[in-house]
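2 protein chains.
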Amino acid sequence: MKQLFFALALVAAPAIADPLPSWNDTAAKARIISFVDSVTDPKSDAYVTPAARIATFDNDGTLWAEQPVYFQLIYAVDQVAKMGAADPAILTSDALKAAAAKDYKALLATGKEGLVEVLRASHADMPLEQFHADVAAWLDEARHPTTGMRYDEMIYQPMLELLTYLRDQGFKTYIVSGGGIQFIRAFAEDAYGIPPEQVIGSSTTSRYEVIDGVPTIIKGGELFFVDDKAGKPVGIMHHIGRRPILAGGNSDGDFEMLEFSTAGDGARLGLIVHHTDAEREFAYDREGHIGVLNRGQDEADARGWVLIDMKNDWAKVFPKTAE
Amino acid sequence: MKQLFFALALVAAPAIADPLPSWNDTAAKARIISFVDSVTDPKSDAYVTPAARIATFDNDGTLWAEQPVYFQLIYAVDQVAKMGAADPAILTSDALKAAAAKDYKALLATGKEGLVEVLRASHADMPLEQFHADVAAWLDEARHPTTGMRYDEMIYQPMLELLTYLRDQGFKTYIVSGGGIQFIRAFAEDAYGIPPEQVIGSSTTSRYEVIDGVPTIIKGGELFFVDDKAGKPVGIMHHIGRRPILAGGNSDGDFEMLEFSTAGDGARLGLIVHHTDAEREFAYDREGHIGVLNRGQDEADARGWVLIDMKNDWAKVFPKTAE
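Chains as they are written, first to last, in the working numbering: chain A, 68 to 390; chain W, 68 to 390.
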């Protein structure tokens, strides 16, 4: 009998292992686990069928870092620099020249038009497969200016654990990003275990062409959809067609996604990653040009959203650093 | 020993049951099964990992019937008739009056503009949830003019079996339709077991609004994306982000989807449902205004696509009819 009990305890052990080991034992972690328990317990009033367990997450600043500028902009600048080194004749404007010199200050001074020019030069008018390969090659070579890490290593270990935990509990996990849908697809499956069909983002038009007998999708340069702010719930209902029960973001660009996701019937969870950790990551919120968080911070409590304090709630930030 | 053998045979039985009982034992069925076997057998050179087992199907004429006109157009006309009965003042044009009178001939005579007007009146400027509820209510009430069946019973039993068979073999099954993405989502999960996030179709813009405190997606009336012909591979790479290994259609509107899907590396399968059965369904191909099939019929052999002869390859057409 003693042996049987021991054997049963071993079998049961995985179920009681901590699913979020890189989260400190704070209220944030307790709220997440309590929510997941309630929607997955068939005896709970808050039970949700697996098909409706949709969780959506912003990418920049929520699943990976976004300082000093969005990594996708660094990709664009690096690509223009590479193209300009091979053929300086393509550097026909101040914006392209600033990018080729990796002079972000001069580039930002050219305004929105300059940025669009640099994005277009690096992202458009090429086969989609080529673009995916270019991004993958860049991720292999490029290193972050202050941490020296690969960009796809600057993902948040606690969020990786959350994604895995949710999937283990029958959720489908999605990315809903203001960044480029095809840019993120180049690494989301390897980095987060999120397949391309579960990535939603901003996009340009594309077109189908048979080139020398090869059916090809060509990534175009005209704006098709902006998946930010009110565009996030629109993108969600276009791609997924049902309201998430959990949404996570970090900036006011995610406000409408959280508002929409937490407004449905039944149990709902909104999460906001608050960047409070200047030592292990970056500290920023109300000011700046990236990841600005005002309304989300002011209204989180009243709306019942969990404000995740990176410094206090996370025991570890990046997978490959000591803590 | 005899008893053990008997028990083993029982256990093994499901594996050898015919996965496609409503398909006659013809070359078409053999080609499908041989393809599925080859991509799911880990020892096969053609083996494909489950994540890459993407199968896409057209809807009208491929998964359900499309005669005498697309069922979605019948929905639009029925809705305008209902709205016009409640408030005749809304019938401000020849197209809307023709729809309210269910006079398809007069409606089609108003041309593309008239059709767009009727579609807009029945499909736009309402909460998305309202639209889904309206379509569901219509499906409950409406009956097909010649068969007297519910529209969502005019789905093809052999294709239902194929969808289930593919899913059982680790495929993700998608709809890629020229019809409306949100119209199809109103019934695809119940009718085909295909969840909303695996439906791709044509769409209008939509917008996010908080109405009396309720976060709402409003279906708009401006064309956003046409998921037909060359738009199908574009829609596939936008929503799924990877090339299907199996595609099925029935008209030349599906040509590019089949061309794109069967052009990748490794084993690929293209299927075309050929409407050859005037008795049990409808017979049509090269002429008419719906489901025109010329290029697909002419090139299927050379491209290695399976032309499914509905009359000879299918033992049964609709789930609820005798054969």
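Heads up, the beta-carbon is just placed ideally off N, CA and C, and yes, glycines get one too.
Sequence-distant partners of LEU336 of chain A (beyond 5 residues in either direction) whose C-beta falls short of 6 Å from its own C-beta, in its chain, are PHE102, LEU313. Under the Cβ distance rule, ILE375 of chain A does not count among the residues neighbouring chain W, no pair being separated by less than 8 Å. With a threshold of 8 Å between beta carbons, ALA367 of chain A makes no contact with chain W. ALA258 of chain W: member of the alpha helix (DSSP H) spanning 255-259, first to last residue. Restricted to the segment 254-329 of chain W, the beta strand (DSSP E) segments that are unbroken, complete and at least 3 residues in length are 266-278, 281-292, 313-316, listed in chain order. The segment 234-244 of chain A makes no contact with the segment 272-287 of chain A, as fewer than three CB pairs between them are under 8 Å. The alpha-carbon separation between ASN317 of chain W and ILE222 of chain A amounts to approximately 45 Å. Of all residues in the segment 307-330 of chain W, those with a C-beta nearer than 7 Å to a C-beta of chain A are ILE307, GLY308, ARG309, GLU323, GLU326, PHE327, ALA330, reading in chain order. One finds VAL301, MET304, HIS305 in chain A with Cβ atoms closer than 9 Å to the Cβ of SER273 of chain W, taken in chain order. With a contact defined as Cβ atoms closer than 8 Å, ALA162 of chain W and GLU184 of chain W qualify at about 5 Å. The continuous stretches of alpha helix (DSSP H) do not include LEU158 of chain W, and DSSP gives it neither H nor E.
If you compare the alpha carbons of W:LEU87, W:GLU366, W:THR271 with that of LEU195 of chain W, the shortest gap goes to W:THR271. Only those residues of the segment 282-294 of chain W whose C-beta falls short of 7 Å from the nearest C-beta of chain A are listed: PRO282, ILE284. Close partners of GLU264 of chain A in chain W (Cβ separation under 7 Å): HIS306, ILE307, GLY308. Ranked by how close their Cα comes to the Cα of MET304 of chain A, the residues A:SER328, A:LEU206, A:ALA168 have A:SER328 in first place. Straight-line spacing of the CA atoms in LYS164 of chain W and TYR351 of chain W works out to 30 Å. Proximity of the segment 291-301 of chain A to the segment 141-161 of chain W falls short of the contact definition, fewer than three beta-carbon pairs being nearer than 8 Å. Measuring C-alpha to C-alpha distances from LEU229 of chain A to each of A:VAL384, A:ALA209, A:GLN249, A:VAL136 identifies A:VAL384 as the nearest. Between HIS356 of chain A and GLY128 of chain A, the CB-CB gap reaches or exceeds 8 Å.
Residue state for ASP332 of chain W is assigned as coil, using DSSP reduced to three classes.
About 6 Å separates the Cβ atoms of MET324 of chain W and VAL243 of chain W, confirming a contact at the 8 Å cut-off.
Non-local beta-carbon contacts of SER273 of chain A in its own chain, meaning distances under 7 Å to residues more than five positions away in sequence, involve LEU195, ILE284, ILE285, LYS286, GLY287 in chain order. Interface criterion not met: the Cβ of ARG187 of chain A is under 8 Å from no Cβ in chain W. If you compare the alpha carbons of A:GLY280, A:HIS306, A:ALA389 with that of PHE292 of chain A, the shortest gap goes to A:HIS306. With a threshold of 8 Å between beta carbons, LEU195 of chain A makes contact with chain W. Per DSSP, the unbroken beta strand (DSSP E) holding ALA122 of chain A starts and ends at 121-124. When only Cα atoms are considered, LYS378 of chain A and ASP344 of chain A end up about 5 Å apart. The segment 254-268 of chain W makes no contact with the segment 132-142 of chain W, as fewer than three CB pairs between them are under 8 Å.
For a Cβ distance threshold of 8 Å, residue set HIS305 of chain W lies close to SER270 of chain A, ordered along the chain. Out of W:PRO386, W:THR388, W:LEU87, the CA that lies nearest to the CA of TYR232 of chain W is found in W:LEU87. ALA350 of chain W is bridged by DSSP to W:THR343. At a cut-off of 8 Å, the C-beta of ARG252 of chain W has a neighbouring C-beta in chain A. Assignment of MET226 of chain W by DSSP, reduced to helix, strand and coil, places it in the helix class. DSSP, read as helix, strand or coil, puts TYR137 of chain W in coil. Against chain W, the CB of ALA113 of chain A has no partner CB under 8 Å away; the residue lies outside that interface. Here LYS96 of chain A is buried. Its C-beta has 16 or more other C-beta atoms within 10 Å.
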